[in-house]
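Below is one structure, written out as structure tokens, with a few remarks after it.
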Amino acid sequence: MEPRDKTPAPAMGRVFCLIYIMEVNMSNGKKERYEDSHLYKVRHSTAHIMASAVLERFPNAKIAIGPAIDTGFYYDFDLPRALTPEDLKEIEARMRKLIKEHIPFEKKVITAEEGKQIFKDQPYKLELIEDLEKGQFDEHGNPVDEKPELSIYSSGNFIDLCRGPHVADTMEINPSAIKLLNVAGAYWRGDEKRPMLQRIYGTAWENPDDLKAYLDLLEEAKKRDHRKLGKELELFSSVEEVGSGLILWHPNGAKTRKIIEDYWRDEHEKADYDFVYTPHIGKAQLWETSGHLGFYKENMYSPIDIEGQEYYIKPMNCPFHVHIYKSRIRSYRELPVRFAEMGTVYRYERSGVLHGLLRVRGFTQDDAHHFCSPEQMPDEIDFVLNFCLDMLRAFGFVNFSAYLSTMPEKAVGDPERWKDAEAALEASLKRAGIAYEIDEGGGAFYGPKIDLKIKDALQREWQLSTIQFDFNLPDKFDLTYIGEDGEAHRPYMIHRALLGSLERFFGVLIEHYAGAFPVWLMPVQAMIIPIADRHIPYADEVYKKLRAAGLRVKLDDRSERMNAKIRDAEKQKIPYMLIIGDQEMENQQVSLRLRSGENPGVQSLEDFLSRAKQDIAAKI
RNA sequence: GCCCUCAUAGCUCAGUCGGUAGAGCACGUUCUUGGUAAGAACGGGGUCAUGGGUUCAAAUCCCAUUGAGGGCUCCA
166 MEPRDKTPAP AMGRVFCLIY IMEVNMSNGK KERYEDSHLY KVRHSTAHIM
216 ASAVLERFPN AKIAIGPAID TGFYYDFDLP RALTPEDLKE IEARMRKLIK
266 EHIPFEKKVI TAEEGKQIFK DQPYKLELIE DLEKGQFDEH GNPVDEKPEL
316 SIYSSGNFID LCRGPHVADT MEINPSAIKL LNVAGAYWRG DEKRPMLQRI
366 YGTAWENPDD LKAYLDLLEE AKKRDHRKLG KELELFSSVE EVGSGLILWH
416 PNGAKTRKII EDYWRDEHEK ADYDFVYTPH IGKAQLWETS GHLGFYKENM
466 YSPIDIEGQE YYIKPMNCPF HVHIYKSRIR SYRELPVRFA EMGTVYRYER
516 SGVLHGLLRV RGFTQDDAHH FCSPEQMPDE IDFVLNFCLD MLRAFGFVNF
566 SAYLSTMPEK AVGDPERWKD AEAALEASLK RAGIAYEIDE GGGAFYGPKI
616 DLKIKDALQR EWQLSTIQFD FNLPDKFDLT YIGEDGEAHR PYMIHRALLG
666 SLERFFGVLI EHYAGAFPVW LMPVQAMIIP IADRHIPYAD EVYKKLRAAG
716 LRVKLDDRSE RMNAKIRDAE KQKIPYMLII GDQEMENQQV SLRLRSGENP
766 GVQSLEDFLS RAKQDIAAKI
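Under the numbering used here, the first sequence has 254 at position 89, and the numbering climbs by one with no breaks.
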């Protein structure tokens, strides 16, 4: 099956942070851990300065925690009223003023008693002290082994319970390299049952140039936002009347989706997958057996009554594929069996988590289930991992990393099989040369897994693919194959999604290419632009020839100026513009302009076609 | 689901102190027939998200609902 912890909604993954800094380059060319870097101290210290500024403005504010994060820092406050953008400006101005006062940061080790006295008006700090006193949790609520030393840092009038480290003095903070970004709600200690605090996010860098580079990157990310481009390029929409998290694919998006699906199908065909189709609903009993009603019910929609029987809309495809496997006796000779399906599933997601194409309620997984013998398992993993990487590479993703999640405390299945499976997964990752981290105990209860992450053009990481073992469903559905020995054996089952879901994959694709997809994926590949009406008959001839040659081409015969037509085509990111005027008509040529603004110029139709075909074949 | 913010023409947005609406783009018509990123004129288009309330009067103030955005939580 594909229980809850496999696939959050649309697609196995989430956006990680914008720039994921693991290491920082130092002036001597060496690298150091981010947590040990000066920048980390700068950010953490800037968070304190911010808290100090907030307390000046709201003397009764209750302060919670304020760590450095990958691209800056935040601090959580309990305030008498909601913060406004004006407040942020004001706070930021005060911070600059404070920084320029060259305030030193001073550390002092204290006892819990002293701490309780110092923070007697700060309930959140008192709670932290009590937890630290018990030696159980650090300031982020993470469990700790030893009873830690309590320390406070003071900077000017501001005192905070803090482990540090900090800069020695605000001189080390460049007041022109900080900026407050936004306010958001955040639960105290991330617990939705506890009070909602106001979190101020800010960013801080070593110098104004770095700050500017970061803000530019945020700008660039905004420009690439798939929701914005989806509207501009008429790729998809979702409307209130239909329902949130439900996607309408418009003709342009549908065209690209079909190309993706066709390619996917061809590759699976070549790789010995068998395609299957399965229904959108299934009886309650099916989901009872699979365990979904036990473990996944909160993500499933209410049942439908059909002649007194309960049916559920499918949140996953696995039980259906399992039944196809089960439809007759299987021999070891036909293993591995691979069933693939673009399966559309529906999952309940809380309204607040929905996000464009990246987190939706109805989506199509590029799903498949492999059934193999234990002996075949290492090869099968190798195969599926490489198949996955090739698939992603075809769409222009070349940087990968992975998480390998191993057996959790609560797990089904024989620990020996877990070990085998984990070893096979790890060996495959090594052979494929993928950098991976091990998430110890992070596997699903039914099997270990590999989650693959890709890096996009802005170096943002996205998790799309997942390859998972399942020791649960073969047992639940009593799957067998007849071995050489004539006995029934339990097959291994792997499920995998390469693109994740078409919705999410398309969203990532849009952002990766900023809508300017490679030619083979573009809904419209070439726009023919006649300069004057008298060129339309020849332009139409060109149009027909290119269409006949298999190019997706359009003719712009509006009574507009050529410049306007070029502008519109560029805005639609159409790769080739073929301009046709008197010269071209006379010599049976076209004048080629690219969406990059490059102008290869006048050429024969044949030359253009062979160029286009080359680009399409090269997937550029 | 929770906190905050938002919802005005197909799109992007303006609309002051409460006095029943504007721009640009897009669209339509006409003119224009041009050489590598916006030619011109005219025109159509709005129950100001929905439902209540306050008020002589609501796009504007209040409440609820729906949807969206930034986060949190969930997903892991």
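Cβ coordinates follow ideal geometry from the N, Cα and C atoms, glycine included.
These figures come from a predicted structure and were not determined experimentally.
Scanning the region 585 to 656 for uninterrupted alpha helix (DSSP H) segments of 4 residues or longer gives 638 to 641, listed from N- to C-terminal end.
Taking each of F270, V274, I275 and A333 in turn and checking the Cα distance to N322, the smallest one comes out for F270. In the three-state DSSP reduction, C553 falls in the helix class (H, G or I). Taking C-beta atoms as the reference points, F634 and G612 count as a pair closer than 8 angstroms. For F565, the pairing in a beta bridge is given by DSSP as I619. It is roughly 24 angstroms from the alpha-carbon of G665 to the alpha-carbon of A783.
Listed in chain order, the alpha helix (DSSP H) runs fully inside the region 439 to 494 are 449 to 455, 457 to 460 and 483 to 491, counting runs of at least 4 residues. Residues P245 of the same chain have their beta carbon placed closer than 8 angstroms to that of N225, with the five preceding and five following residues left out of the count. DSSP, reduced to helix, strand and coil, places I283 within a helical segment of the structure shown.
In this model, N752 and I745 are separated by some 11 angstroms (Cα to Cα). Following the DSSP letters along the chain, one finds K719 in no alpha helix (DSSP H) but inside the beta strand (DSSP E) bounded by residues V718 to L720.
Three or more pairs of CB atoms, one per stretch, sit closer than 8 angstroms, so the region 227 to 242 contacts the region 275 to 291. Boundaries around R503 are those of the beta strand (DSSP E), V502 to Y511, since no alpha helix (DSSP H) includes it. Distance from the CA of K396 to the CA of K265, rounded to the nearest whole angstrom, comes to 45 angstroms. An exposed status is given to N347, since fewer than 16 other beta-carbon atoms sit within 10 Å of its beta-carbon.
Between V332 and V219, the beta carbon gap of about 19 angstroms keeps them out of contact (Cβ cut-off 8 angstroms). Three or more Cβ pairs closer than 8 angstroms define a contact, and the region 366 to 374 falls short of that threshold against the region 395 to 415. The way I'd put it, the region 544 to 551 does touch the region 589 to 599; three or more beta-carbon pairs between them come closer than 8 angstroms. With respect to the C-alpha of M572, the residue from H267, L557, K614 and R661 having the closest C-alpha is K614.
One alpha carbon belongs to E626, the other to A386, and they sit about 13 angstroms apart.
Residue state for E197 is assigned as strand, using DSSP reduced to three classes. The distance from the Cβ of G521 to that of P484 is about 29 angstroms, inconsistent with a contact at the 8 angstroms cut-off.
One thing to note: M465 has its Cβ within 8 angstroms of the Cβ of P480. Remark: three or more beta-carbon pairs, one from each stretch, lie closer than 8 angstroms, so the region 498 to 514 and the region 528 to 548 are flagged as touching. According to DSSP, Q768 shares a beta bridge with V755. The C-alpha of L644 is placed about 7 angstroms away from the C-alpha of K491.
Closest in alpha carbon position to D650, among D780, S496, R512 and H660, is S496.
Between the alpha carbons of R669 and H391 lies a gap of roughly 10 angstroms.
When Cβ pairs closer than 8 angstroms are counted between the two stretches, the region 765 to 782 is seen to touch the region 728 to 743, the count reaching three or more. If the five residues before and after E453 are omitted, its C-beta is found closer than 8 angstroms to the C-beta atoms of G459, all from its own chain and listed in chain order. In the three-state DSSP reduction, R354 falls in the helix class (H, G or I).
Counting the other Cβ atoms within 10 Å of the Cβ of H488 gives fewer than 16, which makes it exposed.
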